[in-house]
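Numbering (my numbering), first residue to last: 2 to 235.
Cβ atoms here follow ideal geometry from the backbone N, Cα and C, with glycine treated the same way.
Please read these numbers as outputs of a predicted model, since none were measured by experiment.
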């Protein structure tokens, strides 16, 4: 799915030499708690290797500067996770989705769902998760075209994008026709995890948070931002 870009989301030169199906850095030299946690966990190690490959593609494209900025911010976020696995997995999901949005095809891992992050810790809540890796259970309130004229939606309206509202006040928006959302129904229970918080936002402007959501009825997942525009944008 092609989504709006994250604004101000780290990958240094080490990622450019990422080996396949392994961490993108030398685990023998891992020194920080987050690096050691990545090396000790098969899923995190796989995600890190995937990230290295996606970074190489993104850095070679039209959004090289954005890829570098996002990567630097990711390393800050990952260090802040320390050894918290949910936080670490979520951080990788957020950056992989960003790289996919800017041209690294199939960067995001379809195997990671919100339930992978939550591991059963997703209490039903009317509030949105507030920290990376935090998850809640809520429900679909509505699915609708991104744009509309106030009348009943037509199938072709979704060709210009898809929006979703949740019972806890959350929302998601895509510029694409999102099949997983179109197969969802109002009332479907979902697990929602916060996977990305933009950096450098103006005071009071918190748009641009990305959420990984899994529909517990269909088993399908999507990662979408909460706004058409990122913080500091239009």
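Query	Result
Taking only the alpha-carbon atoms, compute the straight-line gap between residue 157 and residue 149 and give it to the nearest angstrom.	11 Å
Kindly give me the distance between the Cβ atoms of residue 97 and residue 110, rounded to whole angstroms, as I take these residues to be in contact under 8 Å.	6 Å
For residue 77, does the three-state DSSP call read helix, strand or coil?	helix
Output the distance between the C-alpha atoms of residue 101 and residue 26, rounded to the nearest integer angstrom.	21 Å
Assess, as a yes-or-no matter, whether the stretch 191-204 is touched by the stretch 132-142 under the definition of 3 or more beta carbon pairs within less than 8 Å.	yes
On the DSSP bridge list, what partners appear for residue 302?	The requested residue 302 does not occur in the structure, where the chain is confined to residues 2 to 235.
Once the 5 residues before and after residue 183 are set aside, which same chain residues still bring their CB inside 8 Å of it?	144, 159 and 163
May I have the straight-line CA-CA distance separating residue 117 from residue 201, to the nearest angstrom?	29 Å
Does residue 178 come out as helix, strand or coil in the three-state DSSP assignment?	coil
Going by DSSP, what residues sit across from residue 225 in a beta bridge?	212
Out of 147, 61, 190 and 63, point me to the one whose CA is closest to residue 226's CA.	147
Here's a check: name, in chain order, each residue in its chain whose Cβ is nearer than 8 Å to the Cβ of residue 125, leaving out the five neighbours to either side.	137, 138 and 139
Taking residue 206 as the reference, which of 231, 224 and 213 has the closest Cα?	231
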